[in-house]
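Enquirer:
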Amino acid sequence: MAYETIETRVEGGKVGVIALNRPKQLNALNNQLMDELGAALKAFDADEAIGCMIVTGSEKAFAAGADIGAMAGYSFADVYKGDYITRNWETIRTIRKPVIAAVSGFALGGGCELAMMCDFIIAADNAKFGQPEIKLGIIPGAGGTQRLPRAVGKSKAMDMALTARMMDATEAERAGLVSRVVPLDKMMDEALAAALTICDFSQVAVMAAKEAVNRSFESGLADGIMFERRMFHAMFATSDQKEGMDAFVNKRKAQFNHQ
Ligand code: DAK
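Each residue of the sequence shown is one higher than the last, beginning at 1 in my numbering.
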């Protein structure tokens with residue numbers, strides 16, 4: 001499929017990279033971009049050769065939010081009847097292989113929300129995160145009021161949603177929003193190295209780990225632990241468990257076949 005608002009490539013034969021590509025609008029997220037992003041993620045997820053995905057933007061902007069120009073004229077009936085956001089923004093939540101957000105520059109509004117929908121965020125040292133929707137007379141609409149407090153706690157989430165202040169990369173790492181901060185010129189190398197590391201593990205175990213961690217956000221502790229326990233038990237039905245443990249015992253590198 002030919003894309004106009006994103007660029008896709010495969011790195012190392014195993015990592016699907018998706019770069020948001022509306023540079024003149026700082027990668028503002030419109031319907032076309034979200035449709036194309038969803039299609040690209042689904043295609044990589046279905047590709048046996050791909051073990052991990054990276055979503056990134058440009059040096060200046062991961063994404064400066066939903067496209068304000070496109071939104072400006074919407075009425076309540078437009079967004080409600082058209083199922084705005086839900087219709088095409090949440091495809092990423094259905095992706096079963098890991099998705100890393102490699103964020104440089106602005107990740108604002110829907111851009112911050114998109115990064116938070118990924119499995120973890122590697123940030124460049126120039127990254128800036130924010131939920132500035134309040135300045136536009138609206139509130140975050142793609143999970144900002146729900147995922148941000150889970151990541152950084154109520155006080156910082158309220159501060160960002162109510163004052164529209166941005167959080168820099170250092171603060172974002174300290175607060176737990178991002179997993180690592182690296183120099184801008186090393187960001188893609190770091191994200192790619194993380195992705196390739198993941199690709200070399202058992203794909204079954206990787207998908208199960210992702211599913212189990214995500215379950216922690218949707219269930220109480222006892223239910224979450226039970227889900228984890230059953231998934232853990234299920235790992236013993238895989239040949240990758242035999243391979244991983246045999247390799248350790250015999251002091252050799254494991255060669256997983258993802259079965
Ligand atoms: N949308 C459209 N165009 C944008 C944009 C955006 N979000 N952000 C930047 N641009 C465009 C600018 O208009 C400008 O275009 P030209 O004037 O050159 O044609 C170009 O990108 C460069 O921007 P600036 O000239 O402003 O660049 P600066 O470096 O001076 O400033 C900035 C960068 C990121 C600080 C600034 O552009 C800015 O504040 N942008 C807006 C950030 C923002 O407010 N983001 C939140 C958007 S609201 C919903 C669910 C979710 C949402 C909404 C509804 N429902 C369920 C209904 C989500 C909402 C949002 O994300």
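Just so you know, even glycine gets a beta-carbon here, dropped at the ideal spot from N, CA and C.
Who are the near neighbours of aspartate 78 in its chain, counting only those whose CB is closer than 8 Å to its CB and skipping five residues on each side?
Expert: Here residue 78 refers to the residue found at position 78 of the sequence shown. Counting only Cβ-Cβ distances below 8 Å, and skipping sequence neighbours, we find Tyr84.
Enquirer: Leucine 178: which of Gln131, Ile121, Ala39 and Leu26 sits nearest, CA to CA?
Expert: Start at 1 with the first residue of the sequence shown, and residue 178 comes out as number 178. Note that residue 178 corresponds to valine in the displayed sequence, not to leucine. The option with the nearest alpha carbon to valine 178 is Ile121.
Enquirer: Any heavy atom of ligand 1 closer than 6 Å to the CB of leucine 177?
Expert: Numbered from 1 along the sequence shown, position 177 holds the residue referred to as residue 177. No, Cβ of leucine 177 sits at least 6 Å from all heavy atoms of ligand 1.
Enquirer: Given a threshold of 16 other Cβ atoms within 10 Å of its Cβ, counted over all protein chains shown, does aspartate 223 qualify as buried or as exposed?
Expert: The residue given as residue 223 occupies position 223 in the sequence shown. Exposed, because fewer than 16 other Cβ atoms sit within 10 Å of the Cβ of aspartate 223.
Enquirer: Is phenylalanine 248 helix, strand or coil by DSSP?
Expert: Within the sequence shown, numbered from 1, the residue matching residue 248 stands at position 248. Helix, per DSSP.
Enquirer: What's the C-alpha gap between phenylalanine 76 and glycine 82?
Expert: Working through the sequence shown from its first residue, we reach residue 76 at position 76. Working through the sequence shown from its first residue, we reach residue 82 at position 82. Their Cα atoms are separated by approximately 10 Å.
Enquirer: Once the 5 residues before and after alanine 169 are set aside, which same chain residues still bring their CB inside 6 Å of it?
Expert: Reading the sequence shown from its first residue, position 169 is the one you call residue 169. Contacts found: Ala123, Asp125, Ala127 and Val181.
Enquirer: Valine 79: beta carbon under 6 Å from a heavy atom of ligand 1?
Expert: Here residue 79 is taken as the residue at index 79 of the sequence shown, counted from 1. Answer for valine 79: yes, Cβ within range of ligand 1.
Enquirer: At a threshold of 6 Å, does aspartate 35 count as lining ligand 1 (C-beta to nearest heavy atom)?
Expert: In the sequence shown, counting from the first residue as 1, residue 35 sits at position 35. No, the Cβ of aspartate 35 stays beyond 6 Å of every heavy atom of ligand 1.
Enquirer: Does the beta-carbon distance from alanine 212 to glutamate 190 come in below 7 Å?
Expert: For this step, residue 212 is matched to residue 212 along the sequence shown. For this step, residue 190 is matched to residue 190 along the sequence shown. The answer is no: Cβ separation not under 7 Å.
Enquirer: So what does DSSP say about glycine 153, is it helix, strand or coil?
Expert: In the sequence shown, counting from the first residue as 1, residue 153 sits at position 153. Here glycine 153 sits in coil by DSSP.
Enquirer: The beta strand (DSSP E) spanning threonine 8 covers which residue range?
Expert: Locating residue 8 in the sequence shown gives position 8, where the first residue counts as 1. Its beta strand (DSSP E) spans residues 6-11.
Enquirer: Label valine 10 either buried or exposed according to how many other C-beta atoms from any shown protein chain fall within 10 Å of its C-beta, with 16 as the threshold for buried.
Expert: Within the sequence shown, numbered from 1, the residue matching residue 10 stands at position 10. Valine 10 is exposed by the Cβ-count criterion.
Enquirer: Between the beta-carbon of valine 206 and the beta-carbon of threonine 238, is there less than 7 Å?
Expert: The count along the sequence shown starts at 1 and reaches residue 206 at position 206. The count along the sequence shown starts at 1 and reaches residue 238 at position 238. No, these two residues do not count as a Cβ contact at 7 Å.
Enquirer: Give the single residue among Leu162, Val152 and Thr163 whose Cα lies nearest to the Cα of glycine 176.
Expert: As a first step, residue 176 is located in the sequence shown; it is residue number 176 there, counting from the start. Among Leu162, Val152 and Thr163, the Cα nearest to that of glycine 176 belongs to Val152.
Enquirer: Say the cut is 6 Å; is the CB of aspartate 246 nearer than that to a heavy atom of ligand 1?
Expert: Translated into the one-based positions of the sequence shown, residue 246 becomes position 246. No, ligand 1 has no heavy atom inside 6 Å of this Cβ.
Enquirer: Pull up the CB-CB distance for alanine 49 and glycine 13, whole angstroms please, since I reckon it's below 8 Å.
Expert: By 1-based counting over the sequence shown, the position of residue 49 is 49. By 1-based counting over the sequence shown, the position of residue 13 is 13. About 6 Å separates the two Cβ atoms, so the contact holds.
Enquirer: From glycine 105 to isoleucine 139, what distance separates their C-alpha atoms?
Expert: Within the sequence shown, the letter at position 105 stands for residue 105. Within the sequence shown, the letter at position 139 stands for residue 139. C-alpha separation (whole angstroms): 22 Å.
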